[in-house]
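Worksheet: the structure to be examined is printed underneath.
Numbering (the numbering used here), first residue to last: 11 to 152.
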């Protein structure tokens, strides 16, 4: 196959398989001592982490931190939220904040925030590879 044909070849996986592929890529990009939320915010990729929220939305999602610290500057709030995500990952023994939030739906809904099309797009942006999700694995309406 030539280069153009290789780019068009698309592997088909389940939704959970796609999440696994994305998880692997995100873990490669996430430095030790940082959450994926911080890593993707710093790079402006995937969901954009903390940057996807306005100041008001971030303060609302982390209201208990915001109030305890008496409405700190955004960067301080992000830093504490980053450490909170890491602590939740450790306690739950989950690899990424996305996995924790998938269960807890606290600061976001984790993987539930994304359609299959978005997961495919994110994976292609991060990895450069084309992978699709089998139709029978469409997310259930909530």
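All residues carry an ideal CB built from backbone N, CA and C; glycine is no exception.
Separation of residue j from residue i, as counted between CA atoms
| i | j | result |
| --- | --- | --- |
| residue 131 | residue 145 | 16 Å |
| residue 29 | residue 47 | 16 Å |
| residue 33 | residue 43 | 17 Å |
| residue 82 | residue 127 | 36 Å |
Nearest-angstrom beta carbon gap, residue j and residue i [assumed within contact, 8 Å]
| i | j | result |
| --- | --- | --- |
| residue 45 | residue 92 | 5 Å |
| residue 53 | residue 39 | 7 Å |
| residue 25 | residue 143 | 5 Å |
| residue 87 | residue 75 | 6 Å |
| residue 84 | residue 96 | That belief does not hold up - the Cβ atoms of residue 84 and residue 96 are roughly 19 Å apart, past 8 Å. |
| residue 98 | residue 110 | 5 Å |
| residue 57 | residue 123 | 7 Å |
Outcome for residue i when other beta-carbon atoms lying within 10 angstroms are tallied against a minimum of 16
| i | result |
| --- | --- |
| residue 117 | buried |
| residue 50 | buried |
| residue 107 | buried |
| residue 79 | exposed |
| residue 101 | exposed |
| residue 138 | exposed |
| residue 103 | exposed |
Where residue i sits in the DSSP three-state scheme
| i | result |
| --- | --- |
| residue 142 | strand |
| residue 134 | helix |
| residue 122 | helix |
| residue 160 | Residue 160 lies beyond the residue range present for the chain, which begins at 11 and ends at 152; the question has no answer from this structure. |
Where in the region 19-99 do unbroken runs of the beta strand (DSSP E), each at least 3 residues long, occur, reported from the N-terminal end onward? As far as the region 19-99 is concerned, its whole beta strand (DSSP E) runs of at least 3 residues are 21-23.
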